[in-house]
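Data block below; observations after.
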Amino acid sequence: MPDTLTIKDNRTGKQYEIPIESGAIHATDLRQIKTSDSDFGLLSYDPAFLNTASCKSKITFVDGDAGILRYRGYPIEELAEKCTYLQVAYLLVHGELPSKSEYEQWVHNITYHTMVHENVKKFVDGFHHDAHPMGMLVSTIAALSTFYPDAKNIFDEKSRDLQIWRLIGKIPTLAAFAYRHSVGMAYIYPSNDLTYAENFLSMMYRPSWTTKYEPNKTLAKALDVLFILHADHEQNCSTNAMRTVGSSHPDPYSAAAAATAALYGPLHGGANEEVVRMLEEIGSVDKIPEIIRQVKDGKRLLMGFGHRVYKNYDPRARIIKKIADQVFEVTGRNRLLDIALELEKVALSDDYFVKRKLYPNVDFYSGLIYQAMGFPMDIFPVLFAIPRMSGWLAQWQEMLLDHEQKISRPRQIYLGYPERHVP
Ligand code: ACO
């Protein structure tokens, strides 16, 4: 059986044979379907890319129906159990897990790019004390592009590598500076003798009057696993922003700032913050039926539920539920956990959610862990952005080296006025 699709245009009676490759037709093949020579040709209409592949990728595989997530072929469960976040970041960017020496070099390169120019502190200082840390992060990532004019050499492999080390290395520093500014505490410089997650905890929480700070190993490990789970998720909203902005060939700092802005929204990376706000608003288990009623009446969303791709339990949520137990052993149980568990139970047995295949997503439990670890709610989306940087960069690089990619520029269906004239 040939891998083709036969289309009959009932407007003209003409028939077309369109090749199918990797389970897809090329949208531009539809353009030959015309009613006349002056006809532009058939377009496909797909607001929000519900059924459009915008790229070919070898990075992340998601099977939303089966609840499967793999980076470069490796199941997320194995990576979370056996690897560090920086090994996973290397895997995403380079395609293979690093050898021992490759890993040591990679860790060294990232660790020695964690410092930021002193001027960065000045513009973080310029933000209001109550500025949202995500707003500060978007701005400071964009500003880095002005410090590294060499970053515009995006087709130079060495330059790309350097910017990748810098972005993965500096994002925890920018994130921690944003937090310290918001609570009026002195900035803490990176410590090169700590792991990636430990260093972040140190920059967040180390008192400024001492150089002695030992991050809790269990909490640092839990954070590292959370970083692995958030590192990439194929063509989500922020990754699409990274690729789209990157397709006009700016430096990666500008593209990453756009991706961070996309992640900021409550329907994407901002959801973990919204989940905790919702659980606090619910306040006690007896209020759950009322919330469920409001959701079913279409008055609100159940935050942390539902996913564009997963129509099954999000595999990341499953792993996070396990980490929660380890974290709560150190920090004490988060009082909102009981509400979350009950809410999940009620929702998963309710026809509204079952019919729509709405399951807890990665954000449903992550906020509870972050809160137990002492992170303020505003910083939750920032905790998502830190590890997603490696995924964005892997996707950005893949896009740049893909000869089929061009500047991203969708079509529209114009439904406005035909030509008219100013009276
Ligand atoms: N609560 C209640 N109903 C929901 C929810 C929800 N969280 N999510 C989807 N639905 C309903 C919709 O109202 C719709 O119902 P209908 O068929 O009666 O109109 C149906 O389920 C299908 O939902 P869509 O909006 O078509 O799903 P879409 O794929 O466009 O949206 C999204 C996915 C944005 C994640 C959505 O489920 C949502 O808003 N969830 C809450 C926010 C959230 O948790 N975001 C984090 C996502 S994970 C991440 O970004 C890391």
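If you're matching positions, the sequence shown starts at 603 in the working numbering and goes up one per residue. Backbone N, C-alpha and C fix where the C-beta goes; we use that ideal spot for every residue, glycine too. If you're wondering where the values come from, they're calculated on a predicted model, not measured in any experiment.
Quick check on residue i: does DSSP put it in helix, strand or coil?
| i | result |
| --- | --- |
| T606 | strand |
| P1012 | coil |
| D940 | helix |
| F663 | strand |
| I670 | strand |
| P854 | helix |
| E1021 | coil |
| K616 | strand |
| P621 | strand |
| I743 | helix |
| A626 | strand |
| Y912 | coil |
| D899 | coil |
| Y714 | coil |
| P677 | strand |
| F907 | strand |
| D1004 | coil |
| D648 | coil |
Could you tell me if the beta carbon of residue i falls within a distance shorter than 7 Å of some heavy atom in the ligand ACO?
| i | result |
| --- | --- |
| F651 | no |
| M880 | no |
| R963 | According to the sequence provided, residue 963 is Asn. The question's Arg does not apply to it. Because some heavy atom of the ligand ACO lies under 7 Å away, the Cβ of N963 counts as near it: yes. |
| H715 | no |
| N838 | yes |
| S869 | Residue identity check: residue 869 is Leu in the sequence provided, not Ser. It does: the Cβ of L869 is within 7 Å (strictly closer) of some heavy atom of the ligand ACO. |
| L769 | no |
| F907 | yes |
| R633 | no |
| R910 | yes |
| R958 | yes |
| F903 | Sequence inspection shows Leu at residue 903; the Phe mentioned does not correspond to that position. Yes. |
| A861 | no |
| A626 | no |
| A873 | yes |
| V984 | no |
| V695 | no |
| V897 | yes |
Along the chain, where does the alpha helix (DSSP H) that runs through residue i open and close?
| i | result |
| --- | --- |
| F779 | E759 to S784 |
| V932 | P917 to T933 |
| I790 | Premise fails: I790 is in no alpha helix (DSSP H) and is neither H nor E. |
| S804 | Y798 to Y807 |
| A753 | Counting along the chain, A753 falls outside any alpha helix (DSSP H), and DSSP gives it neither H nor E. |
| R845 | C839 to G848 |
| I635 | Taken as a continuous stretch (DSSP letters only), I635 belongs to no alpha helix (DSSP H), as it is neither H nor E. |
| N721 | E720 to D727 |
| K823 | K819 to H832 |
| H731 | From DSSP, H731 is part of no alpha helix (DSSP H); its letter is neither H nor E. |
| H696 | Y687 to H696 |
Could you pull the start and end residues of the beta strand (DSSP E) that residue i belongs to?
| i | result |
| --- | --- |
| E882 | Counting along the chain, E882 falls outside any beta strand (DSSP E), though it belongs to the alpha helix (DSSP H) covering A873 to I884. |
(request) Note down, one range per segment and in chain order, each alpha helix (DSSP H) of at least 4 residues found wholly within the stretch 948–986. (result) 953–957 and 965–974
(message) Whether or not the stretch 707–716 and the stretch 768–776 are in contact is what I'm after, with contact meaning three or more pairs of Cβ atoms, one per stretch, closer than 8 Å; do they touch?
(response) yes
(message) I'd like to know if the stretch 994–1014 and the stretch 843–852 are in contact, where contact means that at least 3 CB-CB pairs between them fall below 8 Å.
(response) yes
(message) Whether or not the stretch 966–977 and the stretch 741–748 are in contact is what I'm after, with contact meaning three or more pairs of Cβ atoms, one per stretch, closer than 8 Å; do they touch?
(response) no
(message) Tell me whether the stretch 784–793 and the stretch 679–693 touch, counting them as touching only if at least three CB pairs, one residue from each stretch, are closer than 8 Å.
(response) no
(request) Please confirm if the stretch 624–639 is in contact with the stretch 608–615, defined as three or more CB-CB distances below 8 Å between the two stretches. (result) yes
(message) Does the stretch 942–951 come into contact with the stretch 695–715, if we say contact requires no fewer than three beta-carbon pairs (one atom in each stretch) closer than 8 Å?
(response) no
(message) Within 8 Å, do at least three Cβ pairs link the stretch 873–884 to the stretch 957–971?
(response) yes
(message) Is it the case that the stretch 858–872 contacts the stretch 825–840, given that we only count it when at least three CB pairs across the two stretches are under 8 Å?
(response) yes
(request) Evaluate the contact criterion for the stretch 977–993 versus the stretch 867–874: three or more CB pairs, one atom per stretch, below 8 Å. (result) yes
(request) Would you be able to state if there are at least three C-beta pairs under 8 Å between the stretch 812–828 and the stretch 927–935? (result) yes
(request) State whether the stretch 729–739 contacts the stretch 753–767, with contact taken as three or more CB pairs (one from each stretch) at a distance under 8 Å. (result) no
(message) For the stretch 620–629 against the stretch 796–816, do three or more pairs of beta-carbon atoms, one drawn from each stretch, fall closer than 8 Å, so that the two count as touching?
(response) no
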